[in-house]
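What follows is a set of notes on a single structure, which appears directly below.
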Amino acid sequence: MKKFLAGILALIMVLSLCSFAVAEEPITVTVFRGDPGDQPTDDNKIYKLIEEEFGIKFEFEFLAGDLDETLGTKLMNEDYPDLFDGGNSAEKLINAGALINLLDYMSEEKTPNLWNHIAAIKDQIVNENGELFIIPNYGINYNEQVVNACNGPAFFLQKQVLAWAGYPQVKTLNEYFDLIEKFIAENPTDANGAKYEGFAILCEDWRHFCLINPVQHLMGQPNEGEVFINRTADENGNHEVDVFIVQDYAKPYYKKLNEMFNKGLINADTFVMNYDQYIAKLSSGVVLGMFDQTWDFGPATDALNTAEMFGNTYVALPLVYDESYGFGAISEQYLNGGVPNKDRGFGISVSCEYPERLVMMFEELLSDKWQTILQWGIEGEDYYVENGRLLMTKEQYNQRADATWKMANMAATIWESSPKKQGLMDDGNAWTPGDQGEILMAFMSDYDKEFLGKYGFTKWADFFNAPCELAPWGEAWQIDKAPINDDYTDFNSIQDKWLPICIMSADDATFDANWDAFQAEIAPSAKVYEDFMQEEVMKLVNK
Amino acid sequence: MTTKAINNKPAQAAKRKKIWRTLWDQKYLMLMSIPVLLYVLFFNYYPLWGWRYAFQNLNLNNLKKGADWIGFENFTWLFNRPEFINSIRNTLAMSTINLIVGTIASIVLAILLNEVRNKAFKRTVQTVTYLPHFLSMVIVVGMAQNMFMSDGPINNMLIAAKLVDSPVYWLGEGKYFWFLVAIINVWKEVGWNSIIYISTMTSIDPTLYEAASIDGAGRFKRILHVTLPGIKSTFMVLLIMNIGHLMEAGFEIQYLMGNDLNIDFSQTIDVFVMKYGISAGNYGRAIASGMFKSVVGIILLFGANFIAKKLDEDTLL
Chain L
1 MKKFLAGILA LIMVLSLCSF AVAEEPITVT VFRGDPGDQP TDDNKIYKLI
51 EEEFGIKFEF EFLAGDLDET LGTKLMNEDY PDLFDGGNSA EKLINAGALI
101 NLLDYMSEEK TPNLWNHIAA IKDQIVNENG ELFIIPNYGI NYNEQVVNAC
151 NGPAFFLQKQ VLAWAGYPQV KTLNEYFDLI EKFIAENPTD ANGAKYEGFA
201 ILCEDWRHFC LINPVQHLMG QPNEGEVFIN RTADENGNHE VDVFIVQDYA
251 KPYYKKLNEM FNKGLINADT FVMNYDQYIA KLSSGVVLGM FDQTWDFGPA
301 TDALNTAEMF GNTYVALPLV YDESYGFGAI SEQYLNGGVP NKDRGFGISV
351 SCEYPERLVM MFEELLSDKW QTILQWGIEG EDYYVENGRL LMTKEQYNQR
401 ADATWKMANM AATIWESSPK KQGLMDDGNA WTPGDQGEIL MAFMSDYDKE
451 FLGKYGFTKW ADFFNAPCEL APWGEAWQID KAPINDDYTD FNSIQDKWLP
501 ICIMSADDAT FDANWDAFQA EIAPSAKVYE DFMQEEVMKL VNK
Chain W
544 MTTKAINNKP AQAAKRKKIW RTLWDQKYLM LMSIPVLLYV LFFNYYPLWG
594 WRYAFQNLNL NNLKKGADWI GFENFTWLFN RPEFINSIRN TLAMSTINLI
644 VGTIASIVLA ILLNEVRNKA FKRTVQTVTY LPHFLSMVIV VGMAQNMFMS
694 DGPINNMLIA AKLVDSPVYW LGEGKYFWFL VAIINVWKEV GWNSIIYIST
744 MTSIDPTLYE AASIDGAGRF KRILHVTLPG IKSTFMVLLI MNIGHLMEAG
794 FEIQYLMGND LNIDFSQTID VFVMKYGISA GNYGRAIASG MFKSVVGIIL
844 LFGANFIAKK LDEDTLL
């Protein structure tokens, strides 16, 4: 009898264990994020929901120190987390074979959400061997791409300069610098007596795009990095790729900067500033203009808004060369169609024990229900619904900017690196609260409302032409340059060194001499880079 | 000093017995030195095994598969890069300047403090001068950058004093870089480095000074003939050690203050390794240049020691 009972007990235990394993056995997943961040609180409400539904708990590690060094060490020691976000150097993880091919776990039947998510851009993001290691964390739009403002590259100008000039339309490089020059001539210092600086150029490290990228935009192209790509193919179906810094049309821009430098509108210190010093300077409100990307100086915008220095915040302008430069009438095209953020986001490492479950988790998180939870929060707590529109009170909207609140009430770390829905829901609401028109308008400062009103605009993107269709190669800066690493490093170092020298030339003759010396030095690595890019772009076109 | 203790030559057996006896007598001392020995073995000798990578094409793409042996290719690559040769020059120049300027500054400070009779003043100056040693280089460089900006205090003072007409572009022009590094290093380390000289000076027998003054030596004569000879052995030991470190001009200051404009003068071997080796994921090259640095460092150290021996001075090894 005893034996029988014991047998039954054992059987029950085994059965219960089995059924427990079939229903989700709770697991802890280690996560690495390739940028600095804060640990969420233990009782974070969204992570709690995820844990209840999927039985998955996260253990986060954030970047502390240099990204390339950290990744190098992790790869060397094969110390992989389960979910691996390599930040801006994720190519390293792929090249080192640290990630699994997600397509092995995805199919139309099993993971319809993920499958449909990438269906339209599959050719772009899957590599030559038919593998996909990372699903882009941003840039996949549903229904319609929402463009309320320019989030990428543009020439920026303090709003007060435009207000002072009576809200003119500034469309060309010459108009832009003329305006800055006139403004400074009449207002050399701000209210506190600090001297205005006309134009700042951040040159530090990878942020040197502020120095080397503008020419392509002046020629009417969206951001392809350091190359100009002919959007119309020649008779052989070939899209010509040119490194633009060695083209004739690059020189006038730097000549213009040289002219501005000699007029005292550019401070020589701008070439030796690091990012923090740059942000500090912008935040103080003395820099009238710069070429940059909106997200890059976000902290300065926040600081200026907090200090209620609205006139010192920036408006993005799409400038081009005017016809006097001899390149014809150029139509600006700064905004590009939704750009999938290729190879950025979470990959699943080869040492992860439950890849299947994690893929299924991403699949579920991509459902409408979970996307609403991740992006908007909990209805009634974080947002409310009125006449079918998702809305927020001012308090609800502002608390989303509060770091402490975020740690307890949003799953930001997971959300940011996971595949996500952007654009519009089927019912017309925006997937991201920041894209919801009513919310943007309701919480815009009075200064901004008035400013836009003067132009007859309703949103900042009205300064720009509509986004163009994304080219088959995506945006060319995303192409991994690892195979030509040495030449690419040279290519960049030579520009970083020579362009400031050219801009600081004392007179025209010196400028020409410096420019020629620069062209001679950069020619070999530019050639290698150009050939490489030509090949890679055509590979993507012919996919 | 220890060589003199065993100068009498006993018979072989007695000597061996004596060694064992000494060992036994010093068992606790030796026990205590075991952790240090382990530390050195693990952290200084064990990593040498990694030098094999200097002869492999180890990079991110073959981390898993394992790298191939490529002989001296990494070294050939390094020595064919003008930037690498340039960075050797910068490293040696900056460390030599630092060594000379730094040593002179700390000896002068030590002598000055040694001559001060007011205890309170001496203590205050000493504390004030060595406190910067504890600041992180990031902070020091940040402060220096603000000081040397085009519209910073240094330039404003120079213009006010009518020494220059327009601001000097300290941070952007390469020719000033070595000088800036020397100044920053002196400011940060002079107090700290002078401590050892000050302590050596306090151990000089005061009767020597008395005898010198009885012989009619003034203050400068006493410094010249008593103080300076008194710190000579310390000076030699430090010099030999520092010469061994000539290939280490520092990394932080050049990495933080270097920029694309002064790169021809600011890029040291370490910064070069960071850029072309570690950040680019070419570990083989990074290790090859590290190895080159160590080997040259060892040669310099033994060379300096050998010369010091020839000159019949106190030696380190």
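So the sequences go chain by chain: L and W. Residue 450 in my numbering sits at position 450 of the first sequence, with consecutive numbering throughout. Residue 612 in my numbering sits at position 69 of the second sequence, with consecutive numbering throughout. A virtual CB, placed ideally from N, CA and C, is assigned to each residue, including glycine. Bear in mind that the values here come from a model prediction, so they are computed numbers and not experimental data.
Verify the CB distance criterion: does residue i have a CB-CB separation below 8 Å to chain L?
i: W/A725; result: no
i: W/Y712; result: yes
i: W/D611; result: no
i: W/M692; result: yes
i: W/L804; result: yes
i: W/G734; result: no
i: W/G793; result: no
i: W/G833; result: no
i: W/G840; result: no
Rounded to whole angstroms, what is the Cα-Cα separation between residue i and residue j?
i: L/D426; j: L/N143; result: 7 Å
i: L/Y397; j: L/F443; result: 8 Å
i: L/W115; j: L/S107; result: 6 Å
i: L/A303; j: W/L714; result: 27 Å
i: W/K560; j: W/V579; result: 27 Å
i: L/D85; j: L/K92; result: 11 Å
i: L/S283; j: L/T301; result: 7 Å
i: W/L781; j: L/P214; result: 53 Å
i: L/F362; j: L/P136; result: 12 Å
i: L/V147; j: L/D435; result: 8 Å
i: W/F627; j: W/I812; result: 7 Å
i: L/K420; j: L/G345; result: 10 Å
i: W/F615; j: L/K159; result: 59 Å
i: W/R762; j: W/T777; result: 22 Å
i: L/A403; j: L/F244; result: 41 Å
i: W/P772; j: W/I783; result: 17 Å
i: W/I861; j: W/S822; result: Chain W is shown from 544 up to 860; residue 861 of chain W falls before or after that span and cannot be answered.
i: L/A471; j: W/T634; result: 47 Å
i: W/I786; j: W/V729; result: 17 Å
Residue i versus chain W: which residues are under 7 Å apart at the beta carbon?
i: L/A523; result: Going along chain W, no residue has its Cβ under 7 Å from L/A523, so there is no contact; the nearest lies around 16 Å.
i: L/G72; result: I821, G824
i: L/L75; result: L603, L606
i: L/N485; result: A823
Using a Cβ cut-off of 8 Å (strictly closer), state whether residue i contacts chain W.
i: L/K527; result: no
i: L/V22; result: For L/V22, the predicted structure reports a pLDDT of 43, less than 50, and the residue's modelled location is therefore unreliable. The matter cannot be settled from this model.
i: L/K543; result: no
i: L/D68; result: yes
i: L/C203; result: yes
i: L/D496; result: yes
i: L/N398; result: no
i: L/T489; result: yes
i: L/N429; result: no
Please list, in chain order, the chain L residues whose beta carbon lies closer than 7 Å to that of residue i.
i: W/G715; result: A268, F271, V272
Which residues in chain W have a C-beta closer than 9 Å to the C-beta of residue i? List them in chain order.
i: L/D448; result: Those do not exist, as L/D448 stays about 32 Å from chain W at its closest Cβ, beyond 9 Å.
Say whether chain A places a C-beta atom closer than 8 Å to the C-beta of residue i.
i: L/E364; result: Of the chains in the structure shown, none is chain A; the protein chains are L and W.
Checklist entry - Between the segment 98-113 of chain L and chain W, which residues of the former have CB atoms less than 8 Å from a CB of the latter, in chain order? => result none
Checklist entry - Listed from N- to C-terminal order along the chain, which residues in the segment 261-275 of chain L have their beta-carbon within a distance smaller than 9 Å of any beta-carbon of chain W? => result N267, A268, D269, F271, V272, M273, N274
Item to check | Contact residues within the segment 500-514 of chain L, judged by C-beta distance below 9 Å to chain W | outcome: P500, I501, M504
Next on the checklist: So within the segment 454-512 of chain L, which uninterrupted beta strand (DSSP E) runs reach at least 3 residues, ignoring any that extend past its ends?
Outcome noted: none
Checklist entry - Which full runs of the alpha helix (DSSP H) of 4+ residues lie inside the segment 151-208 of chain L, going along the chain? => result 159-164, 173-186
Item to check | Whole beta strand (DSSP E) elements within the segment 376-402 of chain L, 3-residue minimum | outcome: 384-386, 389-391
Checklist entry - In chain order, what residues of the segment 81-99 of chain L put their CB closer than 8 Å to some CB of chain W? => result K92, N95, A96, G97
Next on the checklist: Runs of 3 residues minimum, wholly inside the segment 251-313 of chain L: which ones carry the beta strand (DSSP E) assignment?
Outcome noted: 287-293
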